[in-house]
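Residue numbers (my numbering): 61 to 402.
Working notes, beginning with the structure itself.
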Amino acid sequence: MTASLTGALDFSLPPGLAAHEPPEARGTARDAVRLMVSRGDLDPGHHRFADLPRLLDPGDLIVVNNSATLPAAVRLDRLAVHFSTAREDGTWLVELRRRTPRASEPYGGGEPGEWLPLPGRATLRLIERETPRLWRAELDRDVKRYLRVHGVPIRYSYVERDWPIEDYQTVFATVPGSAEMPSAARPFTADLVAALVARGIGIAPITLHTGVASPEKDEPPYAERYDVPGHTARLVNLTRENGNRVVAAGTTVVRALETAAAGGADGRVAASAGWTRHIVTPEHGVRAVTGLITGLHEPRSSHLLMLSAIVGESVLARAYEAALRERYLWHEFGDTHLILQH
Numbered sequence: 061m062t063a064s065l066t067g068a069l070d071f072s073l074p075p076g077l078a079a080h081e082p083p084e085a086r087g088t089a090r091d092a093v094r095l096m097v098s099r100g101d102l103d104p105g106h107h108r109f110a111d112l113p114r115l116l117d118p119g120d121l122i123v124v125n126n127s128a129t130l131p132a133a134v135r136l137d138r139l140a141v142h143f144s145t146a147r148e149d150g151t152w153l154v155e156l157r158r159r160t161p162r163a164s165e166p167y168g169g170g171e172p173g174e175w176l177p178l179p180g181r182a183t184l185r186l187i188e189r190e191t192p193r194l195w196r197a198e199l200d201r202d203v204k205r206y207l208r209v210h211g212v213p214i215r216y217s218y219v220e221r222d223w224p225i226e227d228y229q230t231v232f233a234t235v236p237g238s239a240e241m242p243s244a245a246r247p248f249t250a251d252l253v254a255a256l257v258a259r260g261i262g263i264a265p266i267t268l269h270t271g272v273a274s275p276e277k278d279e280p281p282y283a284e285r286y287d288v289p290g291h292t293a294r295l296v297n298l299t300r301e302n303g304n305r306v307v308a309a310g311t312t313v314v315r316a317l318e319t320a321a322a323g324g325a326d327g328r329v330a331a332s333a334g335w336t337r338h339i340v341t342p343e344h345g346v347r348a349v350t351g352l353i354t355g356l357h358e359p360r361s362s363h364l365l366m367l368s369a370i371v372g373e374s375v376l377a378r379a380y381e382a383a384l385r386e387r388y389l390w391h392e393f394g395d396t397h398l399i400l401q402h
C-alpha cells in the first residue's frame with residue numbers, strides 16, 4: 061500500500077468488496093454492520109456498529125449531519141441528470157451521465173445554452189460548465205418538488221438495482237438537500253442513539269448538503285453549503301475543554317466543523333453558515349475533531365487525506381490493510397471505521 065501523487069493512499073480494491081445492496085437486504089440490521097476501530101498506535105480492532113456506546117466514553121460528543129437525501133437522479137432515454145447543489149440564484153450544479161445497462165457513466169457532451177427535455181414536460185437549460193464534470197443549469201420549475209415526483213436516488217454500477225429513497229436516509233435526516241446520502245451515519249438506529257445518550261455520550265447536529273461524488277475520477281470536493289448552529293459549536297468547545305472526544309459522524313461533519321474553526325487562533329468552533337471550500341489535509345491537520353466515524357473510501361480519494369490528517373498515514377495504511385485482509389465492505393451500504401486520536 062502506497063501514497064499516490066496527491067498524498068492519499070493508493071491500493072487495489074477487489075470488486076468483491078463492494079457492498080451491492082443495503083445490509084438489511086443481506087439479512088443484517090443497520091447497526092450490525094462491521095466496525096473497525098483505529099485508536100492511536102494500537103492494532104485495528106474489529107466490532108459491530110452496535111458496540112459503539114462501549115467504545116466511547118461518557119462526556120464524548122458525536123456530531124452528526126442532519127441533511128436528508130434527495131431523489132436526485134432524473135433518467136431520460138439515453139442520459140441521466142444528477143442534480144447536485146442548489147445555488148443562491150436558483151440555478152443548480154448538475155452532472156450529465158450516459159445511461160448504461162447497469163447504471164451510468166460520465167458523459168462529456170452538452171453545450172452552453174442547450175435545452176434538455178425532462179420527464180413531466182420539464183426543461184433543463186445548460187448555462188455553463190462549473191467544473192470539467194459539472195454544469196450550472198436552470199430547471200423551469202422548483203427542483204426539489206420536481207425531484208419528489210420524477211427523481212430516484214443516485215446509484216452507481218456497484219449497486220445492482222434501485223432501492224427506495226428511505227434506504228438512503230439516516231435516522232438524523234431532517235433537512236432535505238443532499239444529492240447523495242451522508243452515509244457514515246446510516247448505521248445509527250433510534251435504539252442505538254438511546255443507548256449512546258444513556259451512557260452519557262452527547263449528539264449534536266450540523267447541516268452540510270453533499271454534492272455528487274466522482275467515482276470515476278480522483279478530484280477534490282467543490283464548494284458545499286453548510287450550517288454549524290450555535291448550540292453545536294458550544295457543545296464542541298465544552299467537550300474539548302473537558303478533555304473528551306469530539307467524534308464526527310462522517311467526512312461532511314469534519315469539513316463543516318473545521319470550516320467553523322478556521323477563523324480563530326485557538327481552534328474554537330463558532331456558529332457559522334454559508335459555503336465551504338475547505339479541504340482537510342495532513343499539512344494543516346484538524347483543530348475541532350478528535351475522532352471520526354466513516355465508511356471505507358476509494359483508493360486515492362481526497363477523503364483519505366482527511367483521515368490521514370486525523371490519525372496519520374501509517375495508522376491509516378495499517379487500518380486499510382486490515383480492512384482488505386478481513387474483507388470489509390466498501391461504499392455507502394458497506395462497513396464502517398471508527399478513527400480515534402486517543
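C-beta: ideal position from N, C-alpha, C; glycine also.
It should be emphasised that the depicted structure is a prediction, and the values quoted were computed from it without experimental measurement.
- Note: residue 134 is bridge-paired with 141 in the DSSP secondary-structure output.
- Residue environment: residue 224 is assigned as exposed (fewer than 16 neighbouring CB atoms within 10 Å of its CB, all protein chains considered).
- By DSSP's assignment, residue 297 forms no beta bridge with any residue.
- Residue 343 holds the alpha-carbon nearest to the alpha-carbon of residue 366 among 382, 343 and 388.
- Here residue 269 is not near residue 290, since their CB atoms are 8 Å or more apart.
- Per DSSP, reduced to three states, the secondary structure at residue 236 is strand.
- With fewer than 16 other Cβ atoms inside 10 Å of its own Cβ, residue 175 counts as exposed.
- About 7 Å separates the CB atoms of residue 346 and residue 314; that is less than 8 Å, so the two are in contact.
- For residue 308, the beta-bridge partners assigned by DSSP are 123 and 352.
- When DSSP assignments are scanned along the region 183 to 235, the uninterrupted stretches of alpha helix (DSSP H) that are 4 or more residues long and fall wholly within it turn out to be 203 to 210.
- In the three-state DSSP reduction, residue 334 falls in the strand class (E or B).
- In the structure shown, the three-state DSSP call for residue 177 is strand.
- With respect to residue 143, residue 212 sits apart: the two C-beta atoms are not nearer than 8 Å.
- Inclusion of residue 230 and residue 248 in the CB contact set at 8 Å is warranted, their separation being smaller than that value.
- Counting along the chain, residue 113 sits inside no beta strand (DSSP E); it lies in the alpha helix (DSSP H) bounded by residues 112 to 115.
- The Cβ atoms of residue 194 and residue 398 lie no closer than 8 Å to each other.
- Cβ-Cβ distances below 6 Å link residue 334 to nothing in the same chain once the five nearest sequence neighbours on each side are left out.
- Between the region 247 to 261 and the region 133 to 147 there are fewer than three C-beta pairs closer than 8 Å, too few to call the two in contact.
- In this structure, residue 104 lies near residue 378, with their beta-carbon atoms less than 8 Å apart.
- The alpha carbon of residue 131 has as its nearest neighbour, out of 241, 93, 317 and 312, the alpha carbon of 241.
- For the 8 Å CB-CB criterion, residue 311 and residue 341 do not form a contact.
- With a cutoff of 8 Å on beta-carbon distance, residue 69 and residue 364 are scored as near each other.
- Excluding sequence positions up to five before and after residue 138, its CB lies within less than 7 Å of the CB of 158 and 159, all in the same chain and listed in chain order.
- In this structure, residue 286 places its C-beta atom within 8 Å of the C-beta atom of residue 316.
- Within 10 angstroms of the beta-carbon of residue 72 lie fewer than 16 other beta-carbons, which makes it exposed.
- Residue 123 and residue 305 have their C-alpha atoms roughly 11 Å apart.
- Taking residue 356 as reference, the option from 182, 382, 102 and 228 with the minimal CA-CA separation is 382.
- A residue is called buried once 16 or more other Cβ atoms fall within 10 Å of its Cβ, and residue 288 is buried on that count.
- Here the alpha carbon of residue 373 sits roughly 38 Å from the alpha carbon of residue 161.
- For residue 97, the enclosing beta strand (DSSP E) starts and ends at 94 to 99.
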